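A.B. asks: Residue numbers for the sequence shown, in the working numbering: 6 to 659. The beta carbon of each residue, even a glycine, is placed where N, CA and C say it ideally should be. No experiment lies behind these values; they were computed from the predicted model shown.
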Amino acid sequence: LCDECGQFHLLPDNHLYNFQDEVDDELICHICLQPLLQPMDTPCGHTYCFKCLENFMQEYNFCPMDRKKLSFQQCHKSSLLVRNLLDKLLVLCPFKAECQQTMQRCELEAHLQNRCPGFKKYKAELERKKNPFSKGKEDLPAKVETNPPKDLEVPSGGSLLAAESSAAAVVSLGTAEPGLVNPAFEETEEDLPQRASLVAETSTIEIHREDPEEDLGMRIVGGKDTPLGNIVVQEVLRHSVIAADGRIAPGDHILEVNGVNISSVTHCQAVSFLRHPGPVLHLMVLQEKGFSSKTVQQDSSSAPNREVIHVTLIKKDRSEPLGIKLIRKTDEAGIFILDLLEGGLAAKNGKLSRNDRVLSINGQDLRQGTPETAAQIIQISESRVNFVVLRQPGVQLSDSVDDGSTSNSSSSSNGGSPVHHRRRLDQNHYRRKSTYQKKTVSIKKEPKESLGITIGGGRDNRNKLPIYVTSVQPIGCLFRDGRIKRGDILLSINGIDLTHLNYYEAVSALKSNAASHSVVLKALEILVSDPTDLPVDIKEQSFGWSPLWIMWLGLPSYLHCCQDIVLSKGNVESWGFSIVGGFEESKGNQPFFIKTIVPGTPAFRDRRLKCGDEIVAVNGVPATGMSNSELIPMLKEQRNKVTLTVVSWPGSLV
Numbered sequence: 006l007c008d009e010c011g012q013f014h015l016l017p018d019n020h021l022y023n024f025q026d027e028v029d030d031e032l033i034c035h036i037c038l039q040p041l042l043q044p045m046d047t048p049c050g051h052t053y054c055f056k057c058l059e060n061f062m063q064e065y066n067f068c069p070m071d072r073k074k075l076s077f078q079q080c081h082k083s084s085l086l087v088r089n090l091l092d093k094l095l096v097l098c099p100f101k102a103e104c105q106q107t108m109q110r111c112e113l114e115a116h117l118q119n120r121c122p123g124f125k126k127y128k129a130e131l132e133r134k135k136n137p138f139s140k141g142k143e144d145l146p147a148k149v150e151t152n153p154p155k156d157l158e159v160p161s162g163g164s165l166l167a168a169e170s171s172a173a174a175v176v177s178l179g180t181a182e183p184g185l186v187n188p189a190f191e192e193t194e195e196d197l198p199q200r201a202s203l204v205a206e207t208s209t210i211e212i213h214r215e216d217p218e219e220d221l222g223m224r225i226v227g228g229k230d231t232p233l234g235n236i237v238v239q240e241v242l243r244h245s246v247i248a249a250d251g252r253i254a255p256g257d258h259i260l261e262v263n264g265v266n267i268s269s270v271t272h273c274q275a276v277s278f279l280r281h282p283g284p285v286l287h288l289m290v291l292q293e294k295g296f297s298s299k300t301v302q303q304d305s306s307s308a309p310n311r312e313v314i315h316v317t318l319i320k321k322d323r324s325e326p327l328g329i330k331l332i333r334k335t336d337e338a339g340i341f342i343l344d345l346l347e348g349g350l351a352a353k354n355g356k357l358s359r360n361d362r363v364l365s366i367n368g369q370d371l372r373q374g375t376p377e378t379a380a381q382i383i384q385i386s387e388s389r390v391n392f393v394v395l396r397q398p399g400v401q402l403s404d405s406v407d408d409g410s411t412s413n414s415s416s417s418s419n420g421g422s423p424v425h426h427r428r429r430l431d432q433n434h435y436r437r438k439s440t441y442q443k444k445t446v447s448i449k450k451e452p453k454e455s456l457g458i459t460i461g462g463g464r465d466n467r468n469k470l471p472i473y474v475t476s477v478q479p480i481g482c483l484f485r486d487g488r489i490k491r492g493d494i495l496l497s498i499n500g501i502d503l504t505h506l507n508y509y510e511a512v513s514a515l516k517s518n519a520a521s522h523s524v525v526l527k528a529l530e531i532l533v534s535d536p537t538d539l540p541v542d543i544k545e546q547s548f549g550w551s552p553l554w555i556m557w558l559g560l561p562s563y564l565h566c567c568q569d570i571v572l573s574k575g576n577v578e579s580w581g582f583s584i585v586g587g588f589e590e591s592k593g594n595q596p597f598f599i600k601t602i603v604p605g606t607p608a609f610r611d612r613r614l615k616c617g618d619e620i621v622a623v624n625g626v627p628a629t630g631m632s633n634s635e636l637i638p639m640l641k642e643q644r645n646k647v648t649l650t651v652v653s654w655p656g657s658l659v
């Protein structure tokens, strides 16, 4: 229970009050549809609650009433007269059974803390639950903890094992083979001397929070239960802890959280780890640095205690990709295996390993080579591709290919650093199967009774989202009914279609129909095969509640809002993005997703594509049902211009 209003509500949301009389419409916030709290005036003459406006401005840049351009910095506190009028509104004590007092709204907090027998009884009961062995002691006033901290738990009962890992062993980054997942790196022989290699670096970043409960302020996509595989930063929110630190950027891959390897966990598990409170957070991230022509002379092929291994892969035809992703290191010459695509030819063969250094392919010396050179050799090979690789002792191959397990140890991805022991989640991974169900809710209500919900989304949102429920407050008829839940997609109210409305239009439709004696709501609920995998809300988010990214993926296609993005490039440029997904015999049809966007490339400069965006079509040709090897040639054929039709869902907020 909240100390100030005595009712249950989310920490970032407004306080809740039981008003004695109907409140004048001029004193109502047109975002939450409740009497104003900490009122803020806009330059265009409208007034909203401070928290409502602050949360709204995180997603939009206009006034909810007249849609005029607006920033939060332009708004100011309402006049003292308006604030006093609101403070003097009469409210009822929420503890009706023990207390029937009526008072001004501004007096409720003092009443609860000092005079209310109901709140005192509640606090005493709470104290007894916290300290069951101190029954004889006098009950002392104590602040009620609405969200007590919880110990970090491994989802699904998994245990933490000590294992050796590094960025090169755990990150799945499409950087090198044009025929695999990366149309960004198409080569011709005349391009090759001019093209530099893609460089990526790993680093450990220490994030400090004055408030251990404060959100990090970034959106993430990916997870082992999605085609993306790794956890990727989609967006960094302004004025957040991460933004203030300045070292993490969109496109970064998060490899570890406080020493726990999250490269092989589901999306929901990664969200749980990143939402866990604490004053200090250690993140290991892999960051692409763009293309570099830097030549490193160091040759580690003669290093002691290393093993030379010969591996031959047989392609069914010349165009078949091997499923190998290659990369350069910043301080060590040569090419290294960064990842083996699950289900790919190399992974099925099982003899190559992450972090192997490639010495030669088909007899061509690559000790000072580049990933692009290696990719070209692989592409022109008819059937047999012979690898000679260098492996440091202790590097283990995957125990199993089918379950998607990964190598647990390798040398550091930054060259000669020693191997560090780190914890790794031991669990079986699965592909999430999201489904949805429609529901129709009919309610009889009093004309003045509120629906008691807050909403988000709208087709004017930058992600063009459908309208969804952000909270069901315990003062309205929908809370009493219990069928509408947070996260539900609202389809219609009393026959009025909500799926194509912007935010303000949806608020108006809900408000006007809430005055009726009966309300019929049609909604969509996203169902997951294993609800226990969903992250526990350890703390409420200061940036406002929003659905997880993985929940949006379960929506039917008629609720998708596509946009066309046209990219242009020069003859010797790469597009600058990599893709994953597509049809696989073992998994069936999967969406294509943008996995990486390389700094300094056309895709990066355009700013509209984001990691986690779903590619629906290329130049108007639907991508549904295509395999990776079918879509990539289409992208390669576009020499100077390509039109991508994408659906962009907001990442999960942590």
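Measuring alpha carbon to alpha carbon, tell me which residue in F484, Q384, G228 and K444 is nearest K321.
C.D. replies: When only C-alpha atoms are compared, the closest one is Q384.
A.B. asks: Go through its chain and collect everything with a Cβ distance to L564's Cβ below 8 Å, but skip five positions before and after it.
C.D. replies: Counting only Cβ-Cβ distances below 8 Å, and skipping sequence neighbours, we find P471, I494, T504 and L529.
A.B. asks: For A608, which residues in the same chain have their Cβ closer than 7 Å to its Cβ, ignoring the five residues on either side in sequence?
C.D. replies: So the list reads L572, W580, G581, F582, I602 and L614, once near-sequence residues are dropped.
A.B. asks: For the candidate residues W557, L90, T375 and N518, whose alpha-carbon lies nearest to that of Y441?
C.D. replies: Selected option, being the one with the closest Cα: W557.
A.B. asks: Over what stretch of residues does the alpha helix (DSSP H) that includes Q79 continue unbroken?
C.D. replies: Premise fails: Q79 is in no alpha helix (DSSP H) and is neither H nor E.
A.B. asks: Quick check on the burial criterion: 16 or more other C-beta atoms within 10 angstroms. Buried or exposed for G593?
C.D. replies: Exposed.
A.B. asks: Is it buried or exposed, P217, if we count other Cβ atoms within 10 angstroms and call 16 or more buried?
C.D. replies: That one is exposed.
A.B. asks: Rounded to whole angstroms, what's the CA-CA distance from V512 to Q292? Just pull it up for me.
C.D. replies: Spanning the two alpha carbons is a distance of roughly 41 Å.
A.B. asks: With DSSP as the reference, label E642 as helix, strand or coil.
C.D. replies: Of the three classes helix, strand and coil, the one that applies to E642 here is helix, per DSSP.
A.B. asks: Would you decide whether T52 is buried or exposed? Buried here means 16 or more other CB atoms lie within 10 Å of its CB.
C.D. replies: By the 10 Å Cβ count, T52 comes out buried.
A.B. asks: Tell me, please, which residues DSSP counts as bridged to F67.
C.D. replies: In the DSSP output, where bridge partners are listed per residue, F67 has K74.
A.B. asks: Tell me the DSSP secondary structure of C54 in three-state form.
C.D. replies: In this structure, C54 counts as strand in the three-state DSSP scheme.
A.B. asks: With H, G and I counted as helix, E and B as strand and the rest as coil, what does DSSP make of E103?
C.D. replies: Note: E103 maps to coil in three-state DSSP.
A.B. asks: Are at least three pairs of beta-carbons, each pair with one atom in the segment 57-70 and one in the segment 97-111, less than 8 Å apart?
C.D. replies: Judged by Cβ distances under 8 Å, the segment 57-70 makes no contact with the segment 97-111, as fewer than three pairs qualify.
A.B. asks: Below 8 Å on the Cβ atoms is my contact criterion, and I expect T475 with G487 to pass it. Report the Cβ-Cβ distance as a whole number of Å.
C.D. replies: With 8 Å as the limit, T475 and G487 do not qualify as a contact, their Cβ atoms being about 17 Å apart.
A.B. asks: Do you know offhand how far V477's Cα is from L6's?
C.D. replies: Their Cα atoms are separated by approximately 16 Å.
A.B. asks: Starting from F582, trace the beta strand (DSSP E) both ways and give me its first and last residue.
C.D. replies: Here the beta strand (DSSP E) through F582 covers F582 to G586.
A.B. asks: Less than 8 Å between the CB atoms is what I'm expecting for C616 and Q239, so what's the real figure, rounded?
C.D. replies: The Cβ separation is near 5 Å, so the contact holds.
A.B. asks: Does S298 pass the burial test, meaning 16 or more other C-beta atoms within 10 Å, or should it be called exposed?
C.D. replies: Its pLDDT being 49, under 50, S298 is placed unreliably in this model, and the coordinates cannot settle the point.
A.B. asks: Count Cβ pairs between the segment 624-643 and the segment 250-262 that sit closer than 8 Å; are there 3 or more?
C.D. replies: The segment 624-643, when compared against the segment 250-262, does not touch it at the 8 Å Cβ threshold.
A.B. asks: So, at 7 Å on beta carbons, what are the nonlocal neighbours of P552 in its own chain, with the 5 sequence-adjacent residues on each side left out?
C.D. replies: Contacts found: Y473 and G492.
A.B. asks: Taking the alpha carbon of C273 as the reference point, which residue from G256, T47 and G228 has its own alpha carbon closest?
C.D. replies: When each option's Cα is compared against that of C273, the closest is G228.
A.B. asks: Measuring only the C-alpha atoms, how far is N367 from L636?
C.D. replies: Looking at the two C-alpha atoms, the distance is approximately 27 Å.
A.B. asks: Short of 6 Å in beta carbon distance, which residues of its chain neighbour D92, apart from the five on each side in sequence? Order them along the chain.
C.D. replies: These residues qualify, in order along the chain: R110 and C111.
A.B. asks: Report the rounded CA-to-CA distance for K443 versus S83, giving the unit in angstroms.
C.D. replies: One C-alpha to the other measures close to 42 Å.
A.B. asks: For G625, count neighbouring Cβ atoms within 10 angstroms of its own Cβ and tell me buried if that reaches 16, exposed if not.
C.D. replies: Exposed.
A.B. asks: Looking at the strands, I want to know which residues DSSP matches up with T504.
C.D. replies: Paired residue(s): none; T504 is not in a bridge.
A.B. asks: If you draw a straight line from the alpha carbon of Q78 to that of I212, how long is it in whole angstroms?
C.D. replies: If you take the alpha carbons of Q78 and I212, they lie about 27 Å apart.
A.B. asks: Over the uninterrupted beta strand (DSSP E) stretch that includes S386, give me the two end residues.
C.D. replies: Element bounds for S386: n/a, residue is neither H nor E.
A.B. asks: Can you have a look at G575 and say buried or exposed, based on whether 16 or more other CB atoms are within 10 angstroms of its CB?
C.D. replies: It counts as exposed.
A.B. asks: Beta-carbon separation of D618 and S653 under 7 Å?
C.D. replies: Yes, these two residues count as a Cβ contact at 7 Å.
A.B. asks: So the beta strand (DSSP E) V241 belongs to, where does it begin and stop?
C.D. replies: I236 to V241 is the span of the beta strand (DSSP E), which, as asked, contains V241.
A.B. asks: What residue range is occupied by the uninterrupted beta strand (DSSP E) comprising Q568?
C.D. replies: Segment Q568 to S573, the beta strand (DSSP E) holding Q568.
A.B. asks: Which same chain residues end up closer than 6 Å to K646 when comparing Cβ atoms and leaving out the 5 residues on each side of it in sequence?
C.D. replies: The residues are S573.
A.B. asks: Would you kindly work out how many angstroms separate the C-alpha atoms of L318 and T378, rounded to a whole number?
C.D. replies: Using only the alpha carbons, I get a separation of about 18 Å.
A.B. asks: So V246 and G222 are supposed to be a Cβ contact under 8 Å. How far apart are they, rounded?
C.D. replies: Right, their Cβ atoms sit about 5 Å apart.
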